[in-house]
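Colleague:
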Amino acid sequence: MFSRDRWQEIFETIRKNKLRTFLSGFTVALGILIFTVLFGMGNGLKNTFYEFFLDDATNILFVYPGRTTMPYKGFKQGRQIQFKNDDLEDIKKDFAFYLDYITPRLGRSGLAKYKVESNSYNIRAVAPSHQLNEKTIIMKGRYINENDILNKSKNIVIGRLVEIDLFGKEEDALGKYIDIDNIAYKVIGVFQDDGGDNEERRIYMPYTTRQLIEKGTDKIDMMVVAFRKELGYAGAMAFERDLYKYMKDKHNIAPDDQNGMYIQNMADILQQNMAFANVLQLVVLFVGIGTLIAGVIGISNIMVFVVKERTKELGVRKALGATPGSVIGLVLQESIFITTIAGFIGLFLGIGTLSLIGNKLKDYFITNPEVGLGTVIFATVLLIFFGVIAGYVPARRAARIKPIVALRDE
9 MFSRDRWQEI FETIRKNKLR TFLSGFTVAL GILIFTVLFG MGNGLKNTFY EFFLDDATNI
69 LFVYPGRTTM PYKGFKQGRQ IQFKNDDLED IKKDFAFYLD YITPRLGRSG LAKYKVESNS
129 YNIRAVAPSH QLNEKTIIMK GRYINENDIL NKSKNIVIGR LVEIDLFGKE EDALGKYIDI
189 DNIAYKVIGV FQDDGGDNEE RRIYMPYTTR QLIEKGTDKI DMMVVAFRKE LGYAGAMAFE
249 RDLYKYMKDK HNIAPDDQNG MYIQNMADIL QQNMAFANVL QLVVLFVGIG TLIAGVIGIS
309 NIMVFVVKER TKELGVRKAL GATPGSVIGL VLQESIFITT IAGFIGLFLG IGTLSLIGNK
369 LKDYFITNPE VGLGTVIFAT VLLIFFGVIA GYVPARRAAR IKPIVALRDE
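Last residue of the sequence shown: 418 in the working numbering, with the numbers rising by one and none dropped.
1) Would you say Tyr106 and Phe247 are within 8 Å of each other, going by their C-beta atoms?
2) Nearest by alpha-carbon distance to Ile166: which of Pro73, Asn127, Leu158 is it?
3) Could you tell me which residues DSSP puts in a beta bridge with Thr111?
4) For Asn141, which three-state DSSP category applies?
5) Look at the Cβ atom of Tyr122, then the Cβ atom of Phe175, and state whether they are nearer than 8 Å.
6) Can you give me the Cβ contacts of Asp264 inside the same chain, cut-off strictly under 8 Å, excluding the 5 residues immediately before and after it?
7) Near Ala234, what residues of its chain come up, given a Cβ to Cβ distance below 6 Å and the 5 sequence neighbours on each side ignored?
8) Identify whether Arg408 lies in helix, strand or coil by the three-state DSSP scheme.
9) Spatial neighbours of Lys370 within its chain, please: C-beta separation below 8 Å, excluding the five flanking residues on both sides.
10) Give the range of the alpha helix (DSSP H) segment to which Met255 is assigned.
11) Please confirm if the segment 209-224 is in contact with the segment 37-48, defined as three or more CB-CB distances below 8 Å between the two stretches.
12) Taking buried to mean at least 16 other C-beta atoms within 10 Å of its own C-beta, is Ala133 buried or exposed?
13) Indicate the three-state DSSP secondary structure (helix, strand or coil) for Arg210 in the structure shown.
14) Checking 8 Å against the spacing of the C-beta atoms, do Pro377 and Ile385 come in under that value?
15) Arg404: which of Ser334, Gly82, Arg218 sits nearest, CA to CA?
16) Terminal residues of the continuous alpha helix (DSSP H) containing Lys194?
17) Return the chain-ordered list of same chain residues with a C-beta closer than 8 Å to the C-beta of Gly380, the five sequence neighbours on each side being excluded.
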């Protein structure tokens, strides 16, 4: 392997057959390039899933009321289920083992005004723990607290873009009053959110304040229920089943009625989507490996032609005492050398291509496509392995050439 004479001979052969060497290397480089880019795209798809789901907490159950589709316990079908404040307290009491926190959510829209500026915004009435669910980042001031809930305070937290819309970039919104549907609210905080512009154009207020405005009702639209992370996926699924049955019993919904209420389990959705992404990446991986194998088959075919072309030369070598092992070693070494160099070129080109792509394909659900160190090592080992396979068959044929037959070859 480290014979100086052998390396000189390999380089001399490459120098005399530039086109053949280029074509051999090109097929391998193209194969590893496609493999790297495809694998990186698969990682980019997984990154998109992570980014989409991890903007909010994933240990969450969203509990929505629905409309019944069958009669039950004397209640007619078509009954609209309505959650109330006592549902929050009952869940806190009966599911203390599972529970991390719980918050109601009431969604409304309203026209917000400040001086001459006005705009319509999505308004969410929530409890303090809602900040944990949305991973809301307070830029200045504070979030809604328990005192706001108890006192039904007319305090609000506004998004970064709401502040820019109504106050401009120079004026500070903190401590100012905004008119929303003819009611004055004090801005106690300004937040930002990695979820994008839509999230940063929201306004949050205490849910009890919203209920007070709506004629002192205790109704809530839905509940955000967070379970303890240490429960894991299996615990999350068990919690979902128990909570689903509990709420159905509480609101007199038939066990088989699938529309009376809904639970959206973020842990389950994340698990399913990541499983889909992994399967898709495996498909991409097989396609990439198939492309790589096609390139190696190309170099194997070229090496067969090389052996045929050098039949006389190899016959002379054997006549002068060259062993079959040395002939195999010569052909194999040349094949592995070309495969490895071309493969690394393709690998670096692939990494460079992914780097140039960056987040330009984010609209197509590809975020920061990249390949890790483990993948690079795997590709390198795979490349050398295929290089051995590509060279072995023609090398073995070369080793079997009889000197007398080789010398007669035309």
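Cβ atoms here follow ideal geometry from the backbone N, Cα and C, with glycine treated the same way. All values derive from a computational prediction rather than experimental measurement.
Modeller: Reading from the atomic positions:
1) yes
2) Asn127
3) BP columns for Thr111 point to Val232.
4) DSSP places Asn141 in helix when its eight states are reduced to three.
5) Yes, these two residues count as a Cβ contact at 8 Å.
6) Met78
7) Asn67, Ile68, Asp108, Tyr109
8) DSSP, reduced to helix, strand and coil, places Arg408 outside both helices and strands of the structure shown, so it counts as coil.
9) Thr56
10) 240-258
11) The segment 209-224 vs the segment 37-48: no contact.
12) Ala133 should be labelled buried.
13) strand
14) no
15) Ser334
16) No alpha helix (DSSP H) holds Lys194; the beta strand (DSSP E) holding it covers 191-200.
17) Asn51
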